[in-house]
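> This is the structure I have questions about; it appears just below.
Number of protein chains: 2
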Amino acid sequence: MFSIGDFARLGLVSTRMLRHYDAIGLLRPAHVDPGTGYRSYQAGQLARLNRVVALKDLGFTLEQVRSILDEKVSTEELHGMVRLRRAQLEERIAADRARLLSVEARLRTIEREGHMKTDEVVLKSVAPVRVAGLSARAASYETEDIGPVIQPLFHEVCGRMDAAGKPYVGPGIAHYVPEDDGGVLVHASFEATFGPEDAVGLDLFDLPGIETAATIIHRGPMDDIGSTFQTLAHWIEENGYRSVGLARELSLHCPPDHAEWVHELQIEITKA
Amino acid sequence: MFSIGDFARLGLVSTRMLRHYDAIGLLRPAHVDPGTGYRSYQAGQLARLNRVVALKDLGFTLEQVRSILDEKVSTEELHGMVRLRRAQLEERIAADRARLLSVEARLRTIEREGHMKTDEVVLKSVAPVRVAGLSARAASYETEDIGPVIQPLFHEVCGRMDAAGKPYVGPGIAHYVPEDDGGVLVHASFEATFGPEDAVGLDLFDLPGIETAATIIHRGPMDDIGSTFQTLAHWIEENGYRSVGLARELSLHCPPDHAEWVHELQIEITKA
DNA sequence: CCTTGACTTTGACACCGTGTGAGGCCATAG
DNA sequence: CTATGGCCTCACACGGTGTCAAAGTCAAGG
């Protein structure tokens, strides 16, 4: 018979944990002195304690350990639990590896630039959405070419929405389709709450969903969007992704003062 | 200005978390209505929220995130934090991989044998210890050869300890050294609390420490130790280790009834 | 103006495994 | 007798998040 302290040393656990295992019925002492409440353990209980520790170290919860040890689970169920655990572990390893990549990218950034300003990139998935809007052609992707096209475009779209009494649900969405000659088709739209029969002079597009989009918030006038885009592109490269498809811009906040504008840039990416 | 619900949707977090970030001062709403307590967020705050989420996803605690975002840390410190985080991640990945190996070993065992009885193997490190005891020769490693040698040996050791009034600290330790002719030198000993000047007719050995020992509890008479040893050997193989060196046996509990004996087997292992 | 339903508020409890500390009992050694 | 150290119970803390409850607020529709 061992005291709780001796038993804890033998089993390489803390007395705190032995008391806890007692409390939750996972490992009851062989004997408890009715007068003093002192716990006594038998050497043979080490086997059970070791089983507890081994299963716990595999990542099972104490509750699961108890079920397993008390043979409350059939072989089938046990098999299922272990497979589930394996899946969880694999998932966690994969997630941690992704984190590690990200951390290392940041480390490189810090070493190179002395700070870490790529920390506003967010991965999300974007649901497909039907939008209503208008299109126009710009000569190139340059801000100087795009700006003068898209702003009146949005103005026109808003005018028609207002005239038809359509409510705005969600932010304005801009997206771009390249043309063969280097020009670009500019689309300005809002989420459509109506069908084609009621389009009030707006075109309807179905924007496909994006499984994995890298997104970043841009604050300030659209003239400055280039550097935000560069930050995003830089992040994508550093973190081992590749961009595919076209970017979208969501207008989250567009007060009269352009310095206060807030946009979210979205671009689809894939691994490697 | 967004309500907390809208802002939460934009930022892909729960309102619960936004309130929490407010409470801990990590992300304060741009405005709180003094009458109703309603929180309002500005679109520009999305950048900070995204930074919070990004850093949190890397595994930093909210406290660390706050330090980083509030620029309470110098570039040096930031660099240190990120490196530390990398080390932690690497460690966790390695640990999870080891777990995964173990889980897969168990899965194989279950599939093959329909149960999981190798779950009492424990890895530990064993400190070096000076012991006092006696040696004798047995013809082989077979239980029939060892048993009749070691039991009188322990008896004799105990006799001399008792005669000299030496206390028993810790369990009896048996270890074995093979001889060239296939025989084996059997050592029976206890931890020595005295020096060679006072060895009362016992030999002193220095048992080296074991960095990584695979251990298992054996219950019952020593005649049955073979199958416990097999379980241990099986575990070692299944989990991608290799045994090196000799085994030791610790006598944790040796009442008159041999059926109640408890021993711990220890054997040094290395990876692969 | 009133109802309704969606939203927000604060506060609390729960999870899980473990450390830590307080306040008190007990046993042994000096 | 006291000092020490082991043991007892009870309680709080960590961290990030879910969930519940009771109550207040807001906007839209009748």
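Protein sequence lines, in the order shown, are assigned to chains A and B. Residues 13 to 284 (this note's numbering) are what the first sequence spells out, left to right. Residues 13 to 284 (this note's numbering) are what the second sequence spells out, left to right. Ideal placement from N, C-alpha and C gives every residue a C-beta, glycine not left out.
Under 7 Å Cβ-Cβ, which residues of chain B neighbour A:M128?
L90
> With a threshold of 16 other CB atoms inside 10 Å of the CB of B:G184, please say whether the residue is buried or exposed.
buried
> Select from the stretch 216 to 243 of chain A all residues with a C-beta closer than 7 Å to any C-beta belonging to chain B, and list them in chain order.
I229, R231
> Kindly list, in the order they appear in chain A, the residues whose Cβ is closer than 7 Å to that of B:A59.
E132, I229, R231
> Which residue wins for smallest C-alpha separation from B:L258, given the options B:G221, B:H270, B:H230?
Of B:G221, B:H270, B:H230, the residue nearest in Cα terms is B:G221.
> Output, in sequence order along the chain, the residues in the stretch 109 to 123 of chain A whose CB is closer than 8 Å to any CB in chain B.
R109, R111, L112, S114, V115, E116, R118, L119, I122, E123
> Counting pairs of beta carbons, one from the stretch 219 to 238 of chain B and one from the stretch 130 to 140 of chain B, are three or more of them closer than 8 Å?
yes
> Only counting runs of 4 or more residues, tell me where the alpha helix (DSSP H) segments fall wholly within the stretch 192 to 245 of chain B, in order along the chain.
Taking 4 residues as the shortest admissible run, the stretch 192 to 245 of chain B contains no complete alpha helix (DSSP H) segment at all.
> For B:L96, count neighbouring C-beta atoms within 10 Å of its own C-beta (all shown protein chains included) and say buried if the count is 16 or more, exposed if not.
Under a 10 Å Cβ-count criterion, B:L96 is classified as exposed, with fewer than 16 other Cβ atoms of the shown protein chains found around its own Cβ.
> DSSP three-state label for B:V134, please.
strand
> With 8 Å set as the bound, which would you pick, yes or no: does the beta-carbon of B:E102 sit closer than that to a beta-carbon of chain A?
yes
> With a threshold of 8 Å between beta carbons, is A:A55 in contact with chain B?
yes
> Spatial neighbours of B:E132 within its chain, please: CB distance less than 7 Å, with the 5 preceding and 5 following residues excluded, ordered by chain position.
I228, I229
> Quick check on DSSP: helix, strand or coil for A:R40?
Three-state DSSP puts A:R40 in coil, outside helix and strand.
> Does any residue of chain A have a CB that is nearer than 8 Å to the CB of B:P71?
Checking the displayed sequence, the identity of residue 71 of chain B turns out to be Gly instead of Pro. Under the Cβ distance rule, B:G71 counts among the residues neighbouring chain A, one pair being separated by less than 8 Å.
> Can you grab the Cα-Cα spacing for the pair B:H275 / A:R120, in whole Å?
53 Å
> Give the residues of chain B in contact with A:H265, contact being defined as C-beta atoms less than 8 Å apart.
Listed along the chain, the chain B residues whose CB falls inside 8 Å of the CB of A:H265 are Q54, A55, G56.
> Name the residue from A:I80, A:R254, A:S263 whose alpha carbon lies nearest to the alpha carbon of A:I237.
A:S263
> Looking at the unbroken alpha helix (DSSP H) that takes in B:G145, where does it start and where does it end?
Counting along the chain, B:G145 sits inside no alpha helix (DSSP H); it lies in the beta strand (DSSP E) bounded by residues 141 to 150.
> I want to know whether the stretch 168 to 176 of chain B touches the stretch 243 to 257 of chain B - three or more CB-CB distances under 8 Å.
no
> From the DSSP output, in three-state form, read off A:V64 for me.
helix
> Counting contacts by CB-CB distance shorter than 8 Å, is B:L30 in contact with chain A?
B:L30 has a beta carbon lying at 8 Å or more from every beta carbon in chain A.
> Run through chain B and tell me which residues come within less than 9 Å of A:A211, C-beta to C-beta.
Think of a sphere of 9 Å around the beta carbon of A:A211: no beta carbon from chain B falls inside it, the nearest being about 27 Å out.
> Could you tell me whether any Cβ in chain B is nearer than 8 Å to the Cβ of A:A271?
no
> So, are the CB atoms of B:G195 and B:A150 less than 8 Å apart?
yes
> Of all the CB atoms in chain B, is at least one closer than 8 Å to the CB of A:A20?
no
> Report buried or exposed for B:H187, applying the criterion of at least 16 other Cβ atoms within 10 angstroms of its Cβ.
buried
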